[in-house]
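To keep things clear, I will list the structure first and then write my remarks on it.
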Amino acid sequence: MADYKVKVLDVKPVTHNVHAFTIEKPAGFTYIPGQATDLSILKENWASEKRPFTFTSLQESDFLQFTIKSYADRNGVTNQLLSVEPGDYFEISDAWGAIEYKGEGVFLAGGAGVTPFIAIFRSLYSQNKIGNNKLFFSNKTPSDIILKEEFEMMLGDNFHKVISGEEVPGCYYGRINKAFLQEHINDFTQHFYVCGPDPFIASILEALQELGAHAETLVFEK
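First residue of the sequence shown? That's 1 in our numbering, and the numbers climb one at a time after it.
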């Protein structure tokens, strides 16, 4: 797998702890919406610290973009990203990953796990192919919702916000679990796209299969 040195072109806040990093796109670089790369920050002591991040830009754009949540309480790569500025450099690998669009269905995301779906929805929207795809997006508070306005614009009434930390008008209260899925979904033969923390993925996949979803219709990072 090849590695590419790329310059950071822009850094913009998305939420209180999420930033969009726009970087150079290597000549001939390709990826499928939903795929990721191994990324490291080319600074002292950090160049060998590679972490997986998902592309959130459109494939046809002349730049690459990542939408990344930082954890200031951890001395890791995402915390170090808070000090990255335009002109700094990343190293990225060729694209990889199992998440890609297979057909219309239900997208289930927990927190920063929504990032693979950003490029998928942006790509579908740019082609006027959003169709009846639905997104159920779980967060602790409304301030944690990544790209809220853009999802509302792209998906309309098919964007469903789930808040676990407080009751909020216009949002479902609680967690996405088997009971929630049973209440809000009536067709378990369609495609399901699942991404989030490992416990979220495991519990959702188990619930979906108990409710009749077939293994071949479940799209997640294996």
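Backbone N, C-alpha and C fix where the C-beta goes; we use that ideal spot for every residue, glycine too.
The straight-line gap separating the alpha-carbon atoms of Leu181 and Leu208 is approximately 8 Å. Ile68 and Phe107 do not touch by the CB rule: their CB atoms are close to 19 Å apart, not below 8 Å. Looking at the DSSP output, Phe55 sits in a beta bridge with Phe66. For Ser48, the three-state secondary structure derived from DSSP is coil. If you draw a straight line from the Cα of Gly87 to the Cα of Lys7, it comes to about 6 Å. Annotation for Asn139: the continuous beta strand (DSSP E) segment containing it runs 134 to 139.
Distance between Gln59 and Arg122, taken at the CA atoms: about 10 Å. Rounded to the nearest angstrom, the gap between the Cα atoms of Ala202 and Asn128 is 32 Å. According to the DSSP assignment, Thr37 belongs to no alpha helix (DSSP H) but to the beta strand (DSSP E) extending over 36 to 41. Runs of beta strand (DSSP E) with 3 or more residues, each lying fully within the region 80 to 110, are found at 89 to 93, 105 to 110, listed in chain order. Closest in C-alpha terms to Thr141, from the list Lys5, His16, His214, comes His16.
Between Leu42 and Glu91, the C-beta gap is smaller than 9 Å, which places the two residues in contact. Between Ile130 and Leu124 the beta-carbon gap is near 5 Å, inside 8 Å, which marks them as a contact. Nearest to Cys171 by alpha-carbon distance, out of Asp157, Lys178, Ala179, is Asp157. DSSP places Leu205 in no beta strand (DSSP E) but in the uninterrupted alpha helix (DSSP H) bounded by 198 to 210. Going by DSSP, Lys148 is part of the alpha helix (DSSP H) stretching over 148 to 155. About 6 Å separates the beta carbons of Phe63 and Leu9, which is inside the 8 Å limit, making them a contact pair. Closest by C-alpha distance to Ala72, out of Gly110, Leu82, Asp198, is Leu82. Among the bridge pairs identified by DSSP, Pro13 is matched with His19.
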